[in-house]
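The numbering used here applies: residue 3 is where the sequence shown begins, and numbers increase by one.
The beta carbon of each residue, even a glycine, is placed where N, CA and C say it ideally should be.
The structure displayed is predicted, hence computed values, not measured ones.
For reference, the structure discussed in these notes is given below.
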Amino acid sequence: MAKFYHPLYFLIICAYNKVKLQYQSPSQVEALEDKHVHSTLSLSLWKRKNIEKQYIEYLKRIKMHWPWVWITLCLLCPTVVYGGKVLVFPVDGSHWVNMKVIIEELHSRGHQVSVVRSSNSWYIKETSPLYTSITLNIDSGFDEDFITEFVTQLMEIQREGKSAWTRFKLEMEQAQKSSEINEKTSKMLELLFENKDLIQSLQDSKYDLVLTDPAIPGGVILAHYLRLPLVFNVRWTSHGEGHFSIAPSPLSYVPMTGTELSDKMSFFERLFNVIIFGFTEYQIAHYVLPSYAGLIEKYLGPEVDYFSLFQAADLWLMRVDFVFEFPRPTMPNVVYMGGFQCKPAKPLPEYLEEFVQSSGEHGVIIMSLGTLIGELPHDLADDIAAAFAKLPQKVIWRYKGDRPATLGNNTLLVDWMPQNDLLGHPKILLFVAHGGTNGVQEAIYHGVPILGLPLIFDQRDNLFRIEVRGAGKIMDIFTMNEDIFFQGIQEVLNEPSYRLNMQRLSRLHRDQPMKPLDTALFWIEFVMRHKGAAHLRTESYRLPWYSYHSVDVILLLVGVVLIILGTFAVLIRCLCSVCLRTKSKSDLKKLK
3 MAKFYHPLYF LIICAYNKVK LQYQSPSQVE ALEDKHVHST LSLSLWKRKN
53 IEKQYIEYLK RIKMHWPWVW ITLCLLCPTV VYGGKVLVFP VDGSHWVNMK
103 VIIEELHSRG HQVSVVRSSN SWYIKETSPL YTSITLNIDS GFDEDFITEF
153 VTQLMEIQRE GKSAWTRFKL EMEQAQKSSE INEKTSKMLE LLFENKDLIQ
203 SLQDSKYDLV LTDPAIPGGV ILAHYLRLPL VFNVRWTSHG EGHFSIAPSP
253 LSYVPMTGTE LSDKMSFFER LFNVIIFGFT EYQIAHYVLP SYAGLIEKYL
303 GPEVDYFSLF QAADLWLMRV DFVFEFPRPT MPNVVYMGGF QCKPAKPLPE
353 YLEEFVQSSG EHGVIIMSLG TLIGELPHDL ADDIAAAFAK LPQKVIWRYK
403 GDRPATLGNN TLLVDWMPQN DLLGHPKILL FVAHGGTNGV QEAIYHGVPI
453 LGLPLIFDQR DNLFRIEVRG AGKIMDIFTM NEDIFFQGIQ EVLNEPSYRL
503 NMQRLSRLHR DQPMKPLDTA LFWIEFVMRH KGAAHLRTES YRLPWYSYHS
553 VDVILLLVGV VLIILGTFAV LIRCLCSVCL RTKSKSDLKK LK
């Protein structure tokens, strides 16, 4: 940690001594200089009458200007700045939006930030005033072309209809693409570790910690290789929802991702939850672990377990809170910062403000399907546009595809929109959204109900949590038509409970002792100051599965009980046998 004192502090001290010396006679100054003392007057000098008068005059002048002296001292008092060095290994795409918010705050607090990026990075710019780039001339595999192709394939599968077969195909396609990303990430890390000059540079930089998004485990493995404290900006890991990696997750009331189950489950829902858990474990074992097994063994050692790398993280900054998430067990090193990217609305650009105000008493609807979905199939886009055209409200629709043929005069198409600022505008009545975490959290923050059109990944799960709380409604975008979509809009607009429930969630979210972003930064700096947070980690990740679940203890206790019961059974049998023999002998004697 670097420590700096404000240079003007020393100017105040010098000025004070100068004022003090000007009220002393030349002989006094000379005497003091001979003694090498400039801040204290000797007792004999003060006894002289002329010096007493000068000192009284000096005090009067100081007293006259005392308020200004205090103001100056308050403004220019010793300022201590602690500047840490943070190595960031982000995930590209929409995940970068979250990470950039934290990087901006770290930069504003005087920390030095270095960001590891690939040369074909999609969102992460090489040049930025916020950070220094460490660019790897490697294809990360997670670029715009890959994601566009992936999303298109997923949408085509879902348009086949809702069935068990469609669900299976969807899961397998996601698993296959995930495997491809993991393979490319593994190769990227291997090339990084073989670049001895770069590794030496990273080691010489003396970073205080690694901040990473564990959705792709590159930063996790790099942090352990460099032996640095590790902080997660996390919702998902490479093997599922973050809590399942770190906290106890009883399947009786903790729903698996994609099940659309709440924390209140019937017997058959719990059965379904367990089946999905088993299927997820199968996917992890066959599509995630093989990609990193060789890399970890080569660079971290044969005894290192993949899951333990995640569980050994010092801090988990979770991008959710319990306004949004279902109640569940957690851990001491898990900090919740849901909605940390949300801010009060800023004034809209002039053209948007004019359009919004032109809605009059009817208000405005905004629609965005996120950064990954730029356009929709033409027939689907036409149905959505036709439904919007029937409404008295104005509509702002973020859409990059061809202009729908049925687009009404009340609908404005834009390539980009200030989503947070629009959601905070008092005329916004409804948010038609795909269900990304960022958009859902911003809607909660501003109290705007949601009509959800989930497309891929965790979006349906996010929207389900809003629907369960009565603050939104989910529609199947792949089976709906113009009329169904129009009816859904009318329901959310005209039923007051949706807005009231979302406003209640907004009040709960805002009622916190600290802003989520301030909480996150406090804990990041905490890890810097203390070189980690090992005291917050449980020892669970060091235990084998049978010890974690106390299977060995249970088996021992069951064994002891069985031995005791067996011993009693043998004793009873022996006693019965003795009694029978005694009775037989007695009966024989009577017969004789």
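Nearest-angstrom Cα distance between PRO515 and VAL555? 43 Å
The beta strand (DSSP E) enclosing ALA435, as first and last residue numbers: 430-435
For ASP210, tell me which candidate among TRP238, LEU89 and SER247 has the shortest Cα-Cα distance. LEU89
Taking just the CA atoms, how far does MET333 sit from LYS198? 37 Å
Neighbourhood of LEU43 by C-beta, 7 Å cutoff - its chain only, sequence neighbours within 5 removed: Because the pLDDT at LEU43 is just 41, under 50, the model does not fix this residue reliably, and the point stays unresolved.
Pull up the CB-CB distance for LYS396 and SER360, whole angstroms please, since I reckon it's below 8 Å. 6 Å
7 Å CB neighbourhood of GLY534 in its chain, flanking five on each side removed: PRO231 and ASP316
TYR284 versus GLY242, MET320 and LEU253, residue with shortest Cα-Cα distance: GLY242
Buried or exposed: which applies to THR239, given that a residue is buried once 16 or more other Cβ atoms fall within 10 Å of its Cβ? buried
Do you know how far the Cα of HIS97 is from the Cα of SER370? 17 Å
Contiguous alpha helix (DSSP H) assignments of at least 4 residues, all confined to the stretch 95-129: 96-110
In angstroms, rounded to a whole number, what distance separates the CA positions of GLU106 and LEU132? 6 Å
My output table needs one value for PHE459: the three-state DSSP class, helix, strand or coil. coil
Starting from the Cα of GLU175, find the closest Cα among PHE152, LEU193, SER188 and ARG161 and give me that residue. PHE152
Taking the beta carbon of VAL560 as the centre, do at least 16 other beta carbons fall within 10 Å, making it buried, or is it exposed? exposed
With distance defined between alpha-carbon atoms, name the residue in MET477, VAL103, LEU138 and GLY365 nearest to ILE430. GLY365
Within this structure, are the beta carbons of MET339 and ARG237 separated by less than 8 Å? no
Taking 8 Å as the threshold (C-beta atoms), are HIS511 and GLY341 in contact? yes
Taking the runs of the beta strand (DSSP E) that are 3 residues or longer, which of them lie wholly in the stretch 193-244? 211-214 and 232-236
Less than 8 Å between the beta carbons of PRO257 and PHE328, yes or no? yes
Could you check what DSSP says for SER254 in three-state terms: helix, strand or coil? coil
Starting from LYS300 and walking both ways along the beta strand (DSSP E), at which residues does that stretch end? No beta strand (DSSP E) contains LYS300, which is instead part of the alpha helix (DSSP H) from 291-301.
Within its chain, find whatever has a CB closer than 6 Å to the CB of PHE357; leave out the 5 residues flanking it on each side and keep chain order. LEU414
Can you tell me where the alpha helix (DSSP H) with SER542 in it begins and where it stops? Premise fails: SER542 is in no alpha helix (DSSP H) and is neither H nor E.
Would you list the residues sitting across from LYS398 in a DSSP beta bridge? A small correction: the amino acid at residue 398 is Ile; Lys does not occupy that position in the sequence shown. The partner list for ILE398 (beta bridge, DSSP) reads ILE368 and LEU414.
Can you tell me whether TRP167 is buried or exposed? The criterion is at least 16 other CB atoms within 10 Å of its CB, across all chains shown. exposed
Does DSSP put VAL325 in a helix, in a strand, or in coil? coil
Would you decide whether SER310 is buried or exposed? Buried here means 16 or more other CB atoms lie within 10 Å of its CB. exposed
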